[in-house]
Amino acid sequence: MIVDLARFVAAEEPYWLRLEKMLDRRQRDAWAPLSLAEAKELDYLYRRAGADLARVASFSAEPEMRRRLELLVARAYAEIHGTRRVGSARLRPWQWLSATFPQTLRRHARALLLTVVITLVGAIFGGVAVAVDPEAKEALMPFSHLRGDPADRVAEEEAAMKDRLAGHKATFAGELMTHNTRVSLFALALGFAWGAGTIVLLFYNGVILGAVIADYLLAGQGVFLAGWLLPHGVIEIPAILVGATGGFVLARAVIGRDDGRPLAVRLRAVADDVATLAAGTALMLVWAGVVESYLSQYHEPAIPYALKIAFGVVELGLLVAYFGWVGRGKAKEAAS
Amino acid sequence: MRVRTPEGVSFTFHLASPVTRLAAWFVDALTIMAAWTAISAAILLLGLLSADVARGAVRIGFFVWVTGYGIVLEWLWNGQTLGKRMLRLRVMDERGLPLRFSQIVIRNLLRAIDVLPVAYLVGGVAALMGRKSQRLGDFAAATIVVHEAPPVRVDLGGIVLAKYNSLRGQQHVAARLRAQISPALAYAALQALWRREELDDAARVTLFAELARHFRSLTTLPAEVDEGISDEQFVRNVVEVVFGARPESAAVGGAPAAAVAR
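So the protein lines, in turn, are chains D and A. The first sequence begins at 0 in numbering that gives the first Met the number 0 and counts up by one. The second sequence begins at 0 in numbering that gives the first Met the number 0 and counts up by one.
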C-alpha cells in the first residue's frame, strides 16, 4: 500500500522532536539523573524512531529525511546502549590515586615483571660491556659527562664551590619531566607494534643504566652513585616500567588471539587500564623531575650522601607499599 | 559504515576521508601554535617573580598544551576539536556508543606513532588501507572519525525542472525508484545536474547516459515514462521524484511525489 509521506511525517514528527529535545538535554548534562518515567519515555521514543527508520529505509523516502532519522536513531542508540560507570566522567583524583592506579598495576603484575626482566637483561648487558671493554662507554653513554672518568667527575662535583644549577633548577626540572614523559609514553605507544618497540626501548634504557652503574662501581664510586641515582631513580625507573607495562598490556591485546574475542573487543577491554598507566607514568615523572633537579644533582659536602641515600630508600619503600597494598581493601569491597 | 542495533535497526556513519582529517589537523595545528603564543606570553609573566620558574613553566606548559589539546577538547566537545568542529568531523566509538575518556587518551597517545616518520605518513597509510579509515590511534582505541553533514532540505532551485515529469503520474514507479536509489547515488545525480556546465559535451553525455542506464535498470518502466526524452532529462525527472520536489506549476493536480510503501 502506498501512503502519503507528508502524512507519515506529520504523524511522527512530534515524537522525533520530543526525542531530539531529550537527547539535547542529555548532551548538555549526560550525568543528570533520569527518572524511571523519563527513561521509559526515552526508550519508547528510540524504538519508535527506529521503527520509522526501518520503514523509510526498507521502502522509500527522501534521502534527507532518511539521513535525519539515521542521525536521530544513532544518537538515541548511543545514549541508551552506552554504559557509563558511576562517577567516571567527573575527575576523582583521590579515588584514582588511592585505588585505580595501584589496582591497575597489580592487575598487570606479569607485564610489569616482563618490563623488569627486560630492563635487567639490558642492564647486565650494559654492565658487562663496560666491564669487559671500557671503550664501549663511548658508544653506550648518552651524555658527554658520563663518558669521562667517574673519579674525576666525583672530585669535580665535590670540589664545586658554586651551585651549577643556580637559576636553572626549574628549567632543568621542566626539561626532565617533559623529556622523560615523552619517552615513556612513546614506549607505551610502541606496545601497539606487537610490543617490539617497547622491548627495544626498555632494553636500551637498561643497557645505559647497567653501563653507568658498572662504570661507577668499577671506579669505586658506589656511594656517590647511590647518592646521585637513588633519590630520583627509584621513582623515574619504575615510572618508565609502568609506562612500558601499559605498552605490554596493549601488545597483549593486539597479539592475544587465543581468547577468541575480536581484536577491537580486546583493545576496548584494556583501554581504561592503558590510559591509567599512562597517566600514572606522567605523574611519577613529575615527582622524579623535581627530585632530580632540586636534590640529586647536589652532593657532599652540600648534602651528605647518607641523607640522599636514605631519602631514596624511604621513597622506594613508600612506592613498594603504595603499589603493593594501597587500594586492596577497596578491591575486595568491590569484588564482594 | 553501517551499524546494526540489537533492536534490528540499521543506520550509517559517513567516515571522514583522510584528506578532510588532514585539513582538520592543519586547523588544529595552527590553533595550537597561535594559542601558544598567547599562553606562553602569560606564563612568561612569571618571570617577574623568577626567570627560572618562568622558563620551566614554559617547557612544561608547551608539553601539556600540545599533548592535552586533543584530549581535553575531544572530551569536553564530545569527540571534536576546533578543526574537527569546523569541518563537521567527530570522533566516535566504532560501535556508535559514547566515547570513553580512555579511548580519547589512547588515540591521542598513539599520535606519536601515527606521525612517523613525517607528516602522519604511518597514520595516513593505515587510514587509506583500513576499511574504517582508522589511523593506528583510532584502531587501538576502537574509534572512528565520522563526517556529520547535517540533514538539509535539498534545494533543487539551481536545476531546470521540466513542467511535465512523466514519472510524476506513476506513483508505483516513483516509489520503486525511491526505494532502490541509495541516498549516495541520489546525491551523485544531483551533483551531476548542478555541475553540468562544468563538464565538456562528451563527458556530460557519457555521465548522464550511465546514470540513466542505471536508473532504468532498477525497475520496469512503462513505455510512456521513457518515451522521447533524453538521458539527461530522464535523470532530472528521477532526481525530482527522489527528492520530492515539485515545480509550483506542475504541483497542481499532480500526484504526491513523496510516498512511502507499506
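Just so you know, even glycine gets a beta-carbon here, dropped at the ideal spot from N, CA and C.
Any alpha helix (DSSP H) of 4 or more consecutive residues that is wholly inside the region 119-190 of chain D | Annotation: the region 119-190 of chain D contains the following complete segments of the alpha helix (DSSP H) (minimum length 4 residues), in chain order: 135-139, 149-158, 168-188.
Roughly how many whole angstroms lie between the Cα atoms of Gln293 (chain D) and Ala243 (chain D)?
-> Sequence index remark: in the first sequence, residue 293 (chain D) carries index 294 (1-based). Sequence index remark: in the first sequence, residue 243 (chain D) carries index 244 (1-based). Per the sequence shown, the amino acid found at residue 293 (chain D) is Tyr instead of Gln. Cα to Cα, the separation comes out at about 26 Å.
Check the Cβ of His298 (chain D) against every Cβ in chain A and list those closer than 8 Å, keeping chain order.
-> In the first sequence, residue 298 (chain D) corresponds to position 299, counting from 1. Neighbours of His298 (chain D) on chain A: none; closest Cβ ~21 Å, over 8 Å.
Report the rounded CA-to-CA distance for Gly245 (chain D) versus Leu75 (chain A), giving the unit in angstroms.
-> As a first step, residue 245 (chain D) must be located in the first sequence, where it is residue number 246. As a first step, residue 75 (chain A) must be located in the second sequence, where it is residue number 76. Their Cα atoms are separated by approximately 25 Å.
If you draw a straight line from the C-alpha of Leu240 (chain D) to the C-alpha of Gly78 (chain A), how long is it?
-> Locating residue 240 (chain D) in the first sequence gives position 241, where the first residue counts as 1. Locating residue 78 (chain A) in the second sequence gives position 79, where the first residue counts as 1. Roughly 31 Å between the two C-alpha positions.
Just the C-alpha distance for Pro17 (chain A) and Val145 (chain A), rounded to the nearest angstrom, thanks.
-> Stepping through the second sequence from its first residue, residue 17 (chain A) is reached at position 18. Stepping through the second sequence from its first residue, residue 145 (chain A) is reached at position 146. Taking the straight line from one Cα to the other gives about 11 Å.
Proximal residues of chain A, C-beta to C-beta of Gly49 (chain D) below 9 Å = Along the first sequence, read from residue 1 onward, the residue named residue 49 (chain D) stands at position 50. Correct list: Thr4, Glu6, Gly7, Val8, Phe10.
Phe247 (chain D) at chain A interface by Cβ criterion, 9 Å | For the purposes of this step, residue 247 (chain D) is taken as the residue at position 248 of the first sequence. For Phe247 (chain D), the answer is no, since every Cβ of chain A falls outside 9 Å of its Cβ.
Excluding sequence positions up to five away, which residues of its chain have a Cβ less than 6 Å from the Cβ of Ala122 (chain D)?
-> Position 123 of the first sequence, counted from the start, is the residue given in the question as residue 122 (chain D). Closer than 6 Å at the Cβ level, and outside the excluded window around Ala122 (chain D), lie Gly205, Leu208, Gly209.
Keeping to the same chain, check which residues put their C-beta closer than 6 Å to that of Phe7 (chain D); ignore five residues upstream and five downstream.
-> Taking the first sequence and counting its residues from 1, one reaches residue 7 (chain D) at position 8. Residues of the same chain with their beta carbon placed closer than 6 Å to that of Phe7 (chain D) are lacking, with the five preceding and five following residues left out of the count.
If you measure from the beta carbon of Tyr119 (chain A) to each beta carbon in chain D, is any gap under 9 Å?
-> Walking along the second sequence from the start, residue 119 (chain A) turns up at place 120. Chain D, which has no Cβ nearer than 9 Å to the Cβ of Tyr119 (chain A), makes this no.
Taking the Cβ atom as the reference point for each residue, do Arg54 (chain A) and Thr170 (chain D) lie within a distance shorter than 9 Å?
-> Here residue 54 (chain A) refers to the residue found at position 55 of the second sequence. Here residue 170 (chain D) refers to the residue found at position 171 of the first sequence. Yes, they are a contact pair.
Could you say which of A:Asp200, A:Gly67, A:Phe12, A:Glu223 lies nearest to Gly95 (chain A) if we only look at CA atoms?
-> Numbered from its first residue, the second sequence carries residue 95 (chain A) at position 96. Closest in alpha carbon position to Gly95 (chain A), among A:Asp200, A:Gly67, A:Phe12, A:Glu223, is A:Phe12.
Along the chain, where does the beta strand (DSSP E) that runs through Met91 (chain A) open and close?
-> Against the second sequence, residue 91 (chain A) aligns to sequence position 92. Here the beta strand (DSSP E) through Met91 (chain A) covers 88-92.
Chain A residues whose Cβ lies nearer than 8 Å to that of Gly166 (chain D) = Position 167 of the first sequence, counted from the start, is the residue given in the question as residue 166 (chain D). The CB of Gly166 (chain D) comes closer than 8 Å to the CB of Ala50, Asp51 in chain A, given here in chain order.
Kindly indicate which three-state DSSP category Val85 (chain D) falls into: helix, strand or coil?
-> Working through the first sequence from its first residue, we reach residue 85 (chain D) at position 86. Model confidence at Val85 (chain D) stands at a pLDDT of 47, short of 50, so the residue's coordinates are unreliable and nothing is read from them.
Backbone CA spacing between Asn164 (chain A) and Arg54 (chain D) [nearest angstrom] = As a working mapping, residue 164 (chain A) is identified with position 165 in the second sequence. As a working mapping, residue 54 (chain D) is identified with position 55 in the first sequence. Their backbone Cα atoms lie some 27 Å apart in a straight line.
In angstroms with no decimal places, state the Cα-to-Cα distance between Leu81 (chain D) and Leu44 (chain D).
-> Taking the first residue of the first sequence as 1, we reach residue 81 (chain D) at position 82. Taking the first residue of the first sequence as 1, we reach residue 44 (chain D) at position 45. Sequence inspection shows Gly at residue 81 (chain D); the Leu mentioned does not correspond to that position. Spanning the two alpha carbons is a distance of roughly 17 Å.
Excluding the 5 residues preceding and the 5 following Ala208 (chain A) in the sequence, name in chain order all residues of the same chain whose CB lies nearer than 7 Å to its CB.
-> The residue given as residue 208 (chain A) occupies position 209 in the second sequence. So the qualifying residues of the chain are Asp230.
Contact list for Gln102 (chain A) against chain D, beta-carbon separation under 7 Å | Counting from one through the second sequence, the residue named residue 102 (chain A) turns up at place 103. Ordered by position in chain D, the residues that pass the 7 Å Cβ test against Gln102 (chain A) are Ala270.
Measure the C-alpha to C-alpha separation of Val85 (chain D) and Glu12 (chain D) and round it to an integer number of angstroms.
-> Position 86 of the first sequence, counted from the start, is the residue given in the question as residue 85 (chain D). Position 13 of the first sequence, counted from the start, is the residue given in the question as residue 12 (chain D). Reliability fails at Val85 (chain D), whose pLDDT of 47 lies under 50, so the model's placement of it is uncertain and the value that follows must be treated cautiously. Val85 (chain D) and Glu12 (chain D): Cα-Cα distance of roughly 34 Å.
Pick from D:Leu16, D:Leu200, D:Arg163, D:Ala252: whose alpha carbon is nearest that of Thr118 (chain D)?
-> Looking up residue 118 (chain D) in the first sequence gives position 119. Out of D:Leu16, D:Leu200, D:Arg163, D:Ala252, D:Leu200 has the C-alpha closest to the C-alpha of Thr118 (chain D).
Consult DSSP for Arg195 (chain A) and reduce its assignment to one of helix, strand or coil.
-> Taking the second sequence and counting its residues from 1, the one referred to as residue 195 (chain A) is at position 196. Three-state DSSP puts Arg195 (chain A) in a helix.
With burial defined as no fewer than 16 other Cβ atoms inside 10 Å of the residue's Cβ, what is the status of Phe10 (chain A): buried or exposed?
-> Position 11 of the second sequence, counted from the start, is the residue given in the question as residue 10 (chain A). Phe10 (chain A) counts as buried, since no fewer than 16 other beta carbons sit within 10 angstroms of its beta carbon.
Residues in the region 174-195 of chain D with C-beta within 8 Å of chain A's C-beta atoms, listed in sequence order?
-> Those would be Glu174, Met176, Thr177, Thr180, Arg181, Leu184, Phe185, Leu187, Ala188, Leu189, Phe191, Ala192, in chain order.
CB contact flag (Val222 (chain D), Leu315 (chain D), <9 Å) = On the first sequence, position 223 is the one that residue 222 (chain D) refers to. On the first sequence, position 316 is the one that residue 315 (chain D) refers to. Going by C-beta atoms, Val222 (chain D) is not nearer than 9 Å to Leu315 (chain D).
Since I believe Leu81 (chain A) is in contact with Met91 (chain A) (beta carbons under 8 Å), could you give me their beta-carbon distance rounded to a whole number of angstroms?
-> Here residue 91 (chain A) refers to the residue found at position 92 of the second sequence. Here residue 81 (chain A) refers to the residue found at position 82 of the second sequence. The distance from the Cβ of Met91 (chain A) to that of Leu81 (chain A) is about 18 Å, inconsistent with a contact at the 8 Å cut-off.
Unbroken alpha helix (DSSP H) run spanning Val2 (chain A), endpoints = The residue labelled residue 2 (chain A) in the question sits at position 3 within the second sequence. Judged by DSSP secondary structure, Val2 (chain A) falls outside any alpha helix (DSSP H) and instead within the beta strand (DSSP E) spanning 1-3.
Mind listing the chain D neighbours of Ile105 (chain A)? Cutoff is C-beta to C-beta under 7 Å, in chain order.
-> Against the second sequence, residue 105 (chain A) aligns to sequence position 106. Under the 7 Å cutoff, chain D gives Ala270, Val273, Ala274.
Identify the continuous alpha helix (DSSP H) that holds Phe61 (chain A) and give its terminal residues.
-> Stepping through the second sequence from its first residue, residue 61 (chain A) is reached at position 62. First-last of the alpha helix (DSSP H) with Phe61 (chain A): 50-75.
Just the chain A side, please: which residues come within less than 8 Å of Gln26 (chain D) by C-beta, in chain order?
-> Counting from one through the first sequence, the residue named residue 26 (chain D) turns up at place 27. Within 8 Å Cβ-Cβ: Asn77.
Since Ile103 (chain A) sits in a beta bridge, which residues does DSSP pair it with?
-> Locating residue 103 (chain A) in the second sequence gives position 104, counting from the first residue. Secondary-structure assignment with DSSP links Ile103 (chain A) through no beta bridge to anything.
So, does the CB of Gly81 (chain D) fall closer than 9 Å to a CB anywhere in chain A?
-> Position 82 of the first sequence, counting from 1, holds the residue named residue 81 (chain D). When Cβ-Cβ separations below 9 Å define contact, Gly81 (chain D) makes contact with chain A.
DSSP three-state call for Phe12 (chain A): helix, strand or coil?
-> Looking up residue 12 (chain A) in the second sequence gives position 13. Three-state result, Phe12 (chain A): coil.
Would you verify that the beta carbon of Glu78 (chain D) is, or is not, closer than 9 Å to some beta carbon of chain A?
-> Taking the first residue of the first sequence as position 1, residue 78 (chain D) is located at position 79. With 9 Å as the cut-off, Glu78 (chain D) counts as an interface residue toward chain A.
Pro237 (chain D) to Leu111 (chain D) span [Cα, whole Å] = Residue mapping note: residue 237 (chain D) aligns to position 238 of the first sequence, counting from 1. Residue mapping note: residue 111 (chain D) aligns to position 112 of the first sequence, counting from 1. When rounded, the distance between both Cα atoms is 10 Å.
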